[in-house]
Amino acid sequence: MKFLEKIIYAEVLMMVMVIWVVPICYGHGDHPGWLDARATFYGDINGGETQQGACGYGDLHKQGYGLETAALSTALFNNGSTCGACYELKCVNSPQWCVPGIIKITATNFCPPDYSKTTDIWCNPPQRDFDLSQKMYLKIAKYKAGVVPVKYRRVPCTKTGGVKFETKGNPHFLMVLPYNIGGAGDVRALQVKGTKTAWIKMQKNWGQIWNTGVVLTGQCLSFRVTLSDGMTKDFINVTTPSWSCGQTFDGRINF
Ligand SMILES: *[C@@H]1O[C@H](CO)[C@@H](O)[C@H](O)[C@H]1NC(C)=O
Ligand SMILES: *[C@@H]1O[C@H](CO)[C@@H](O)[C@H](O)[C@H]1NC(C)=O
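Read in full-length UniProt numbering, the sequence shown has 196 at position 196, and its numbers run on one by one without any break.
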C-alpha cells in the first residue's frame, strides 16, 4: 500500500472501532456502573490534615498514597474495612461548579458524623460522602461550591512496588499495618507465620491495623494477605529474625 492509503486505511479502521466499541462500553445509560454520592474536602492545599487518620496510615507521601486520598463517610467507611480501596469519582449535575474530569483516590481516612449539626451533615449516615483532599477536590469541582454531587465506582488500585508491612505495638502484642496494596486494595484477613509456627490468624485492631498476642521474636515473619475480593497472596520471609516494632518491611510482590 502507498503511504497515503495506509493512513486512510488506519483512520477508517479507527472509526469502525469507535463506532462499534464505544457503544458496547458506554451504551447502557449515562453512567453505567457508577453510583451516587457527594464530594466535599478537608485540609488545606498541602493536605496537612489528611495525614494519619482512622485507617492507621501515617505519612501518606512516604506510604505512596500522596494527596490522592479521601476520608469516607460512615456509609462508605464500613468500620475501616474499606481502608485502602480505590475509587474513581466525577462531578455531575452541577454545570456551575463541576470541573470536567475523573479522579482516582484511595480511601485513607474516616469522615466522622456530626450529630450536633442539622445542616451540612454530609458525613452522617446514611449519606455517601467522599471528603477529598483539597488538591483532589479542586480537580473535579470549584472551591466555592464546598460540596458537589458525584458519581463514583470502585476500581482496582495500582500501586508501585511491593506491599509494605509496618510493625507496631510491642513484642508481646505485635501490631501490623499492611499498606501500598494493589488490586482490591482493602484487606479482609491477615495471617502471620514465624519460621517455627504455622499460620496464625491476626485480629483486626482498628482501621487497617491487625494484631496478635503470639510472641514471634527471633523468627522471620511471613504474611498471608486476603483482600475483599478473596484474592490471597503469601509474602514469605518478609522480615529478618531480628525484626523489632516500628520497622517497615517490603513484601516485594503486590496484587
Ligand atoms: C468495628 O471494628 C472494631 C475493631 O475491629 C470492632 O471492635 C467493632 O465491634 C466494630 N464495630 C462495628 C459497628 O462493627
Ligand atoms: C524462609 O526462611 C526459612 C528460614 O530461614 C527457610 O527455611 C525457608 O526456606 C525460607 N523460605 C523461602 C521461600 O525463602
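Even for Gly, the Cβ is constructed at its ideal location relative to N, Cα and C.
Since the model is a prediction, treat every value here as computed from it, not as a measurement.
Alpha carbon of K164 to alpha carbon of N254, nearest angstrom: 9 Å
Rounded Cβ spacing between D186 and A85 (contact assumed at less than 8 Å): 4 Å
Under 8 Å between C-beta atoms of F77 and S133: no
DSSP three-state assignment for N78, whether helix, strand or coil: helix
K193: first and last residue of the uninterrupted beta strand (DSSP E) it sits in: V187 to G194
Through-space distance from K90 to P23, alpha-carbon basis: Any reading at P23 must be qualified, since the residue scores a pLDDT of 44, below 50, and its modelled position is unreliable; no value is offered.
Terminal residues of the alpha helix (DSSP H) in which Y143 lies: Counting along the chain, Y143 falls outside any alpha helix (DSSP H), and DSSP gives it neither H nor E.
Whole-angstrom C-beta distance between G251 and G194, which should lie under 8 Å: The Cβ separation is near 16 Å, so there is no contact.
Three-state class that DSSP yields for G183 in the structure shown: strand
I105 Cβ short of 7 Å to ligand 2 heavy atom set: no
Beta strand (DSSP E) segment containing E49, residue limits: Per DSSP, E49 belongs to no beta strand (DSSP E) and is neither H nor E.
First and last residue of the uninterrupted beta strand (DSSP E) at S73: T69 to S73
Whole-angstrom distance between N79 and G53, CA atom to CA atom: 13 Å
Cβ-based neighbour list, E68, same chain, cut-off 7 Å, excluding 5 preceding and 5 following: K104, I105, T106 and M136
CA-to-CA distance, C98 to K144, given in whole angstroms: 11 Å
Beta-bridge pairing of L221 - partner residues as DSSP gives them: G194
Pairwise C-alpha distance: L138 and S244: 41 Å
Option in C123, I121, P100 and C111 with minimal Cα separation from A141: P100
Exposed unless 16 or more other CB atoms sit within 10 angstroms - verdict on I45: exposed
Contacting residues, own chain, Cβ-Cβ under 8 Å from Y26 (five flanking each side not counted): For Y26, the predicted model reports a pLDDT of 45, less than 50, meaning its position is unreliable and no value from the coordinates is stated.
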